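Working notes, structure below.
Protein chains in written order, with the working numbering: chain S, 29 to 388; chain Z, 29 to 388.
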């Protein structure tokens with residue numbers, strides 16, 4: 029400690045001083061920069077880089093830990109979402125991270141930054157949302173911090189979970205020949221975001237409502253994740269938060285494998301199809317580059333998938349879709365579209381598409 | 029879930045709608061409002077209202093959980109503190125909360141909101157500070173989140189600890205006749221804040237440096253807390269983060285007792301005395317209303333205190349000071365000043381003093 033007067037205290041002053049801004053490095057570059065060379069103790073089984081960290085709190089007892097910061101105007105908008113749903117969504121992000129490991133949520137901490145002019149009612153309704161998700165998903169809201177934030181509402185949720193049978197699934201465990209499977213439908217959340225933010229319109233009230241709900245009121249797949257991990261040998265898993273292309277890309281990268289997916293098998297809801305048809309949009313773009321679907325994306329051996337598909341419909345209503353295979357002989361993601369040859373998925377164009385949809 | 033269109037969804041719509049802003053309710057009022065009637069599961073031993081929550085993760089194995097949100101211009105200032113020290117301080121708040129329960133820190137999650145124009149170097153140095161504290165206090169930095177924050181740097185630290193021998197200490201356990209004890213010195217941090225923010229000046233370089241360091245580079249008392257709880261019967265404990273008057277007030281309130289303190293026993297460093305002498309200021313005000321000292325404030329039976337004072341100097345360099353007694357026959361805090369009668373401590377005036385020192 030000490031040395032408060034020296035702005036470079038504690039860092040290697042010989043290190044080349046860059047004049048880059050964080051915008052130049054990007055989110056993943058920044059995380060790499062900040063966590064490079066981080067050394068973990070023996071209890072930290074998994075550190076930075078998966079949906080949750082895994083910490084062995086006592087022999088064979090694994091805790092899962094995740095945090096998500098949401099800022100008004102960046103991750104949600106008070107103009108388009110009710111405080112109740114903002115509260116729900118803040119919890120949904122962390123719940124989905126726990127689900128993505130096959131874990132069970134235990135407790136949460138909430139830090140809340142509020143401008144002084146925030147209506148008391150807004151804070152109350154936000155907490156009604158937070159508390160309702162805690163109740164629905166059996167999470168104990170054990171503590172928090174409440175501070176003044178001059179301009180914007182800031183919500184940070186930290187969640188701790190555990191692995192009931194000592195099992196958890198990482199992004200890095202996919203094996204060649206694994207079937208790639210996804211729960212539910214993809215892309216609806218992204219379409220819903222464009223509707224609430226006024227970038228697209230949908231005159232059909234029912235469709236409009238369903239797409240917006242997919243965006244504002246996602247349902248994390250906690251029970252599904254636990255069911256998968258407790259009953260099947262799931263090799264790799266994560267949640268779809270940045271869009272299928274980017275997220276499957278993480279599984280490929282961390283498992284050191286490629287993936288081949290079939291465009292016509294990607295699960296797109298009838299509602300999203302109808303919305304895209306009427307607006308002459310490509311639903312595949314929403315599914316591949318969308319994000320915030322909070323569905324589970326996982327891989328397992330084909331024989332296990334057979335066993336799984338026979339049991340799934342008795343357990344859950346949402347569909348389970350086999351969209352492709354992991355392959356050691358290709359690099360990155362290849363997509364096979366109807367009537368077209370297999371081609372590498374151009375992640376860049378989807379990244380651009382995704383960025384152009386950001387709220388600000 | 030659902031009902032995204034209804035801003036009042038999930039709340040009792042008959043409830044009287046207030047038009048109050050959060051500034052009208054104050055921090056403690058807001059926490060009460062948001063957490064009132066919160067129901068905890070059987071594993072949540074202590075919820076909102078102490079330095080940490082206590083969660084029984086397996087039989088007799090207690091986890092401690094705390095989070096602190098720090099916002100530029102509210103809790104620190106990039107104008108007066110180096111990123112290294114901002115990082116250190118962010119960790120210090122949470123470490124001190126764990127120390128205040130007598131616990132041992134295990135792991136931390138960090139959410140970081142950064143404006144896009146933040147220099148890469150700032151983020152790096154911030155993390156050098158964070159990582160240096162993690163190393164010094166044996167905390168594993170297991171994960172985090174990095175997001176864009178349009179205007180301000182926002183740091184949220186969540187920390188999980190445990191209780192090595194299954195013992196932890198709450199604010200609520202003080203008993204009548206308990207000695208009130210505090211570690212280290214009080215008030216220096218508050219004086220340091222006034223110096224760095226330009227509200228006061230100190231021409232003596234050594235004094236200036238010591239006071240600023242007390243503010244910017246506090247040392248959480250983790251080893252001290254564990255030593256106290258493992259070896260002595262500590263009835264109640266917390267850390268001094270809002271000033272002695274307010275914090276001892278929490279012990280009084282939660283233990284349903286009063287407290288009598290002796291003004292001339294409150295530990296004030298020679299440096300703070302000299303600073304106050306030269307500026308014609310009252311050091312007691314800094315100690316009582318200051319805050320961010322991150323010392324431990326605790327109560328124990330007089331016989332235990334005797335045992336403790338005989339062992340303490342062999343273990344630690346910082347002083348231990350007996351400043352008063354818990355008393356069932358008085359309400360709130362009474363103070364005995366030299367040459368003056370015992371009188372109730374007027375918390376209000378200290379609250380005002382504290383507020384007038386806020387950064388914005």
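C-beta: ideal position from N, C-alpha, C; glycine also. All values derive from a computational prediction rather than experimental measurement.
| Item | Value |
| --- | --- |
| For chain S, find out if any of its Cβ atoms is closer than 9 Å to the Cβ of residue 178 (chain Z); answer yes or no. | yes |
| By DSSP, does residue 432 (chain Z) sit in helix, in strand, or in coil? | Since the first and last residues shown for chain Z are 29 and 388, residue 432 (chain Z) lies out of range. |
| DSSP on residue 372 (chain S), reduced to helix/strand/coil? | strand |
| Run through the segment 298-351 of chain Z for me and flag every whole beta strand (DSSP E) of 3 or more residues, listed as ranges in chain order. | 324-328 |
| In chain order, what residues of the same chain have a beta carbon less than 6 Å from the beta carbon of residue 189 (chain Z), not counting five sequence neighbours either side? | 92, 126, 131, 132, 133 and 134 |
| Rounded C-beta distance between residue 184 (chain Z) and residue 95 (chain Z)? I'm assuming under 8 Å. | 6 Å |
| Per DSSP, what kind of secondary structure is residue 189 (chain S) in: helix, strand or coil? | strand |
| Does the contact criterion of 3 or more C-beta pairs under 8 Å hold for the segment 224-244 of chain Z versus the segment 328-342 of chain Z? | no |
| Quick one: what does DSSP say residue 294 (chain Z) is sitting in, helix, strand or coil? | coil |
| For a minimum of 3 consecutive residues, which ranges assigned as the beta strand (DSSP E) are wholly contained in the segment 36-101 of chain S? | 72-74, 81-86 and 89-99 |
| If contact means a Cβ-Cβ distance below 8 Å, which residues of the segment 202-235 of chain S contact chain Z? | none |
| What did DSSP end up calling residue 354 (chain S) once you bin it into helix, strand or coil? | strand |
| Mind checking whether residue 242 (chain Z) and residue 321 (chain Z) have CB atoms under 9 Å apart? | yes |
| Since residue 95 (chain Z) meets chain S, which of its residues come closer than 9 Å, beta carbon to beta carbon? | 95, 137, 138, 139, 171, 172, 173, 184 and 186 |
| So, is residue 56 (chain S) buried or exposed, given that buried needs 16 or more other C-beta atoms within 10 angstroms? | exposed |
| Tell me, which residues are paired with residue 133 (chain Z) by DSSP? | Z:189 |
| Alpha carbon to alpha carbon, how far is residue 62 (chain Z) from residue 151 (chain S)? | 7 Å |
| Taking C-alpha atoms, which residue in Z:180, Z:118, Z:138 and Z:116 lies nearest to residue 144 (chain Z)? | Z:180 |
| If you measure between the beta carbons of residue 80 (chain S) and residue 119 (chain S), is that distance less than 9 Å? | no |
| Within 9 Å of any Cβ in chain Z, is that where the Cβ of residue 145 (chain S) sits? | yes |
| What is the DSSP secondary structure of residue 31 (chain Z), reduced to helix, strand or coil? | Caution is warranted here: a pLDDT of 34 is assigned to residue 31 (chain Z), below 50, making its placement in the model unreliable, and the coordinate value is therefore given only provisionally. DSSP places residue 31 (chain Z) in coil when its eight states are reduced to three. |
| Any beta-carbon of chain Z closer than 9 Å to the one on residue 83 (chain S)? | yes |
| Which residues in chain S sit within 8 Å of residue 168 (chain Z), going by Cβ to Cβ distance? | 68, 69, 71, 72, 75 and 83 |
| At least one CB of chain S closer than 9 Å to the CB of residue 155 (chain Z): is that the case? | yes |
| In chain Z, which residues lie less than 9 Å from residue 48 (chain S) when you measure between Cβ atoms? | 147, 148 and 149 |
| Between which residues of its own chain and residue 195 (chain S) is the CB-CB distance below 6 Å, once the five residues before and five after are set aside? | 257 |
| Distance check for residue 278 (chain S) and residue 178 (chain Z), CA to CA, integer angstroms please. | 27 Å |
| Is DSSP giving residue 214 (chain S) helix, strand or coil here? | coil |
| Alpha carbon to alpha carbon, what distance is there between residue 138 (chain Z) and residue 235 (chain Z)? | 33 Å |
| Does the beta-carbon of residue 339 (chain Z) have 16 or more other beta-carbons within 10 angstroms, so that it is buried, or is it exposed? | exposed |
| Mind checking which residues open and close the beta strand (DSSP E) that includes residue 264 (chain Z)? | 262-267 |
| Under 8 Å, with one C-beta from each stretch per pair, do the segment 57-77 of chain S and the segment 110-118 of chain S reach the 3-pair mark? | no |
| Just grab the DSSP bridge partners of residue 172 (chain Z) for me. | Z:138 |
| Anything in chain S within Cβ reach of residue 101 (chain Z), meaning under 7 Å, just list it in chain order. | 178 |
| Taking the straight line between their C-alpha atoms, what separation do you get for residue 357 (chain Z) and residue 371 (chain Z)? | 14 Å |
| Check whether the Cβ of residue 320 (chain S) lies closer than 9 Å to any Cβ atom in chain Z. | no |
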